[in-house]
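Chains as they are written, first to last, in full-length UniProt numbering: chain A, 1 to 601; chain B, 1 to 332. Glycine is no exception: its CB is placed at the ideal position from the N, C-alpha and C atoms. Fair warning: this is a prediction, and the values are worked out from it, not measured in the lab.
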């Protein structure tokens with residue numbers, strides 16, 4: 001029994017089980033990677049290439065010969081015909097041809113000869129010297145959406161809190177990243193690495209991304225249901241509940257109260273309960289709004305928003321119920337919880353937002369509604385089953401690990417359908433990207449959606465786990481997804497909607513700097529940790545002493561901190577841009593309102 | 001019938017039920033099953049001091065950087081004798097109290113080493129205390145945080161018999177005339193770390209490691225050609241305290257370079273100290289016994305390495321000599 005299991009394991013790994021002293025023959029399982037075979041294959045490929053070249057050239061020569069023969073036959077017939085023509089006819093044809101060759105456009109065929117006049121006011125701006133000679137001028141947002149004031153205020157509340165948590169959370173992240181280089185930066189227990197790391201992750205999860213998502217969702221849910229929000233005060237209450245959860249949770253973590261160290265589950269249950277109540281109120285509010293919609297169909301975005309909320313509520317309940325969490329029960333739940341936290345909440349909800357904000361930014365419909373539906377149900381089916389891929393080779397049941405790996409590969413289906421949908425929507429509007437400050441963020445988000453998710457699926461395989469698990473590669477992956485996908489798309493949505501709602505544009509230069517700093521910073525972060533993580537994994541496989549792998553990471557940690565600094569600076573600029581978009585207009589002089597109020601009084 | 005796009009009740013109910021069902025199958029039921037495992041026969045329950053230490057471990061979130069799982073692949077063999085089993089976590093992964101759940105000890109990052117068997121690898125209390133106070137005292141390249149708040153400085157007059165004085169050199173203290181005393185939290189944490197050892201399963205009972213594809217050198221027979229690398233063994237076993245330079249740490253671990261005992265032409269005392277430990281000099285920390293951890297060949301290789309490095313010059317120690325001394329100690 002044990003043998004068969006072991007054999008299965010080995011087959012699953014694709015590793016050779018042969019040992020030098022018992023099996024003297026070369027390991028045939030690896031035949032395809034032996035130098036002799038690879039060399040032979042290369043040589044055959046070379047010969048085949050030459051053969052294909054020769055055959056190709058022979059064939060093309062043959063075709064050319066055939067074509068030439070046909071042409072010369074045509075010429076012969078023309079010649080024999082020309083001899084029979086009259087001289088005058090030939091001259092007339094020649095003159096006509098000469099005149100046609102001389103013809104040139106005058107340049108006024110379309111405008112006519114009168115002075116140009118924009119009587120309908122269609123042209124917003126004509127200039128011969130653009131603001132910036134290096135990049136395309138970004139289009140200003142001309143569309144203003146009449147938004148009910150309470151909705152606008154609610155959105156600004158949520159988005160404002162999100163911006164605050166982004167700056168705070170990444171400041172903490174930056175500080176924690178620097179501790180890898182200077183472990184003695186401080187000696188204060190409240191600021192120690194172990195306590196601050198969950199403060200960083202939980203703040204950007206439950207503070208930044210969640211707040212931004214819910215705020216942006218309110219607009220979508222109201223707009224696509226063609227009705228007002230069910231209750232604005234419920235929205236406010238949920239805001240207080242969720243924000244107080246983040247404040248309180250961080251405070252407790254820093255003072256040393258940790259639920260058990262499972263990632264994203266570090267807040268103790270009373271704090272999680274606060275957050276969950278906020279989610280439940282939000283779900284209720286969204287659901288009631290959709291139920292009161294004035295059109296018969298539920299727009300695809302709302303599938304994702306409602307789905308994301310109901311799934312996350314279920315998830316938090318399962319994650320915190322105590323009756324199956326002793327021993328390795330906790331570990332099963334941990335894998336499930338931490339993966340679904342990302343997949344069912346952030347990813348699902350953000351996809352829902354993209355289904356609304358991306359097509360509206362492009363001013364055209366989504367490419368395929370059905371692909372969106374397919375992605376929705378496969379997201380639920382596959383994402384739910386893959387949590388245990390965080391514990392490959394652990395003492396958890398082998399079947400659970402295998403299911404997780406198989407369905408991780410299945411994740412290609414929702415990812416490919418989503419990416420196709422978004423890219424096909426963007427197709428034909430590529431030129432709009434350089435002229436818009438919103439679309440570059442969407443493009444990066446969508447590309448990372450494919451790259452980050454596909455890379456995650458590949459990372460779940462046993463062989464890749466072998467090298468990358470437990471290394472900094474995981475950290476790179478989570479930033480690629482939570483930052484590259486979620487954060488970039490949330491930025492895109494915020495830049496897309498706020499000017500339409502408030503009527504105020506962010507400074508174009510500010511948006512440009514924000515985009516490039518964040519993008520380049522993310523790359524530095526990702527590449528350094530992926531390279532370092534791979535080297536570290538290989539060092540462990542080689543059986544080198546552990547401290548060697550710490551020393552080899554040093555330069556990569558420095559590069560990570562540099563990338564992280566760029567990301568953090570970009571958030572400061574983003575915060576300023578947000579302020580520009582959201583700031584209150586100067587109140588009208590109160591003289592005008594005074595008589596009115598006195599009348600009412 | 002399936003008009004999800006028009007019926008919000010149906011849409012939300014289906015999404016909820018589908019997810020709840022899948023979650024039950026993939027998470028709740030397996031979790032319930034995993035709870036059913038029983039502890040291994042030789043396992044001991046954590047005592048109250050160790051439990052207190054576990055709470056400090058969670059509170060400082062040591063799980064962020066340290067795993068406690070030996071995976072069933074060969075590269076993890078350095079962290080334990082056998083791959084971890086579900087039963088190994090029977091006592092440590094229980095709900096902590098009303099507020100806090102069972103700790104996520106398995107971890108997901110190995111920024112620092114795995115701690116499954118740290119109690120065996122680093123048995124000395126002084127080493128742990130120094131390492132917690134400032135890891136760079138004992139491991140120069142470490143990036144682990146210091147935990148000075150688990151210690152307090154006391155003037156010499158205030159130090160009582162009960163206090164655990166940490167042998168740290170004076171220049172690392174704020175007041176060089178003071179002494180460093182470990183707080184109860186530090187002692188509990190060290191007690192917990194010292195308790196971390198895999199329970200014995202007996203030979204061939206535990207699961208096997210999946211062998212790697214790495215080419216292994218074929219060991220030739222005979223003790224002479226075992227090719228035991230004294231340097232490698234020394235860095236794995238001894239250098240955490242005595243340091244790679246052989247200089248030790250002043251006030252905590254004695255130097256081996258130029259040591260009279262190490263350079264003695266007769267290796268009996270040196271081998272005896274390695275075999276059965278040593279705690280006779282109050283100015284230094286206690287040396288744990290290695291007789292049960294290391295074979296005669298390994299001890300001979302380590303002793304020979306020590307006697308021929310850092311300027312030391314003394315004759316080779318053979319496994320036979322070690323075996324003889326081991327027998328002598330046993331007979332005493």
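TODO: Drop a sphere of 10 angstroms on the beta-carbon of residue 84 of chain A, count the other beta-carbons inside from all chains shown, and report buried for 16 or more, exposed for fewer.
DONE: exposed
TODO: Let me know if residue 69 of chain A comes out buried or exposed under the rule of 16 or more other beta-carbons within 10 Å of its beta-carbon.
DONE: exposed
Open item on the list: Taking only three categories from DSSP, how would you classify residue 98 of chain B?
Closed with: coil
TODO: Indicate whether the contact test is met: 3 or more Cβ pairs, each with one atom in the region 136-148 of chain A and one in the region 520-528 of chain A, closer than 8 Å.
DONE: no
Task: Cα-Cα separation between residue 149 of chain B and residue 199 of chain A, rounded to whole angstroms - done: 20 Å
- [ ] Classify residue 112 of chain A as buried or exposed, calling it buried when 16 or more other Cβ atoms lie within 10 Å of its own Cβ.
- [x] exposed
Open item on the list: Using only the alpha-carbon positions, how far apart do residue 262 of chain B and residue 145 of chain B sit?
Closed with: 34 Å
Task: Neighbour-count burial assignment, residue 202 of chain A, 16 or more Cβ in a 10 Å radius - done: buried
Task: CB contact check: residue 440 of chain A to chain B, cutoff 7 Å - done: no
Open item on the list: Does residue 583 of chain A come out as helix, strand or coil in the three-state DSSP assignment?
Closed with: coil
Open item on the list: Within 10 Å of its beta-carbon, does residue 602 of chain A have 16 or more other beta-carbons around it, so buried, or fewer, so exposed?
Closed with: What is shown of chain A runs 1 to 601, which leaves residue 602 of chain A out entirely.
- [ ] Identify whether residue 145 of chain A lies in helix, strand or coil by the three-state DSSP scheme.
- [x] coil
- [ ] Would you mind working out which of B:115, B:137 and B:45 sits nearest residue 251 of chain B, comparing C-alpha positions?
- [x] B:137
TODO: Specify the secondary structure class of residue 210 of chain B as computed by DSSP and reduced to three states.
DONE: strand
Task: Where the region 52-71 of chain A meets chain B: residues whose CB sits under 9 Å from a CB there - done: none
Task: When B:189, B:59 and B:267 are compared against residue 99 of chain B, the one with the closest alpha-carbon - done: B:59
Task: Alpha carbon of residue 219 of chain B to alpha carbon of residue 298 of chain B, nearest angstrom - done: Caution is warranted here: a pLDDT of 47 is assigned to residue 219 of chain B, below 50, making its placement in the model unreliable, and no coordinate value can be reported.
Task: Backbone secondary structure at residue 62 of chain A - three-state DSSP - done: helix
Task: Rounded separation between residue 227 of chain A and residue 296 of chain A - CA only - done: 12 Å
TODO: State the DSSP-derived secondary structure class of residue 188 of chain B, mapped to helix, strand or coil.
DONE: helix
Task: CB-CB length for residue 107 of chain B against residue 75 of chain B, believed under 8 Å - done: 16 Å between Cβ atoms; not a contact.
- [ ] Closer than 7 Å by C-beta to residue 325 of chain B: which residues in its own chain qualify, once you throw out the five before and the five after it? Chain order, please.
- [x] 268, 271, 272 and 275
Task: C-alpha gap between residue 344 of chain A and residue 239 of chain B, whole angstroms - done: 48 Å
- [ ] Determine the chain A residues that contact residue 151 of chain B at a beta-carbon separation under 7 Å, and present them in chain order.
- [x] Ordered by position in chain A, no residue passes the 7 Å Cβ test against residue 151 of chain B, which lies about 11 Å from the chain.
TODO: Please say whether residue 243 of chain B and residue 80 of chain B have beta carbons closer to each other than 7 Å?
DONE: no
Task: With 16 other Cβ atoms within 10 Å as the buried cut-off, status of residue 17 of chain B - done: exposed
Open item on the list: Is there a C-beta anywhere in chain B that falls below 7 Å from the one on residue 327 of chain A?
Closed with: yes
Open item on the list: Would you call the region 346-355 of chain A in contact with the region 207-227 of chain A, where contact means no fewer than 3 C-beta pairs closer than 8 Å?
Closed with: yes
Task: Proximity test, Cβ basis, 7 Å: residue 168 of chain B and chain A - done: no
- [ ] Using beta-carbon positions only, say whether residue 233 of chain B and residue 301 of chain B come within less than 7 Å of one another.
- [x] yes
TODO: Please compile the residues from chain B whose C-beta is within a distance smaller than 9 Å of the C-beta of residue 385 of chain A.
DONE: 22, 25 and 26
Open item on the list: Rounded to the nearest angstrom, what separates residue 54 of chain A and residue 48 of chain A at their Cα positions?
Closed with: 10 Å
TODO: Would you mind telling me which residues of chain A sit closer than 7 Å to residue 116 of chain B, beta carbon to beta carbon, in chain order?
DONE: Within chain A, no residue comes near residue 116 of chain B; the closest Cβ sits about 11 Å away, beyond 7 Å.
Open item on the list: Less than 7 Å between C-beta atoms, sequence neighbours within five positions excluded: which residues of the same chain meet that for residue 514 of chain A?
Closed with: 570, 573, 574 and 577
Open item on the list: Restricting to Cα atoms, I'd like to know which of B:10, B:2 and B:3 is closest to residue 612 of chain A.
Closed with: Any question about residue 612 of chain A goes unanswered here, given that chain A covers just 1 to 601.
Open item on the list: Please tell me whether residue 72 of chain B has its Cβ less than 7 Å away from any Cβ of chain A.
Closed with: yes
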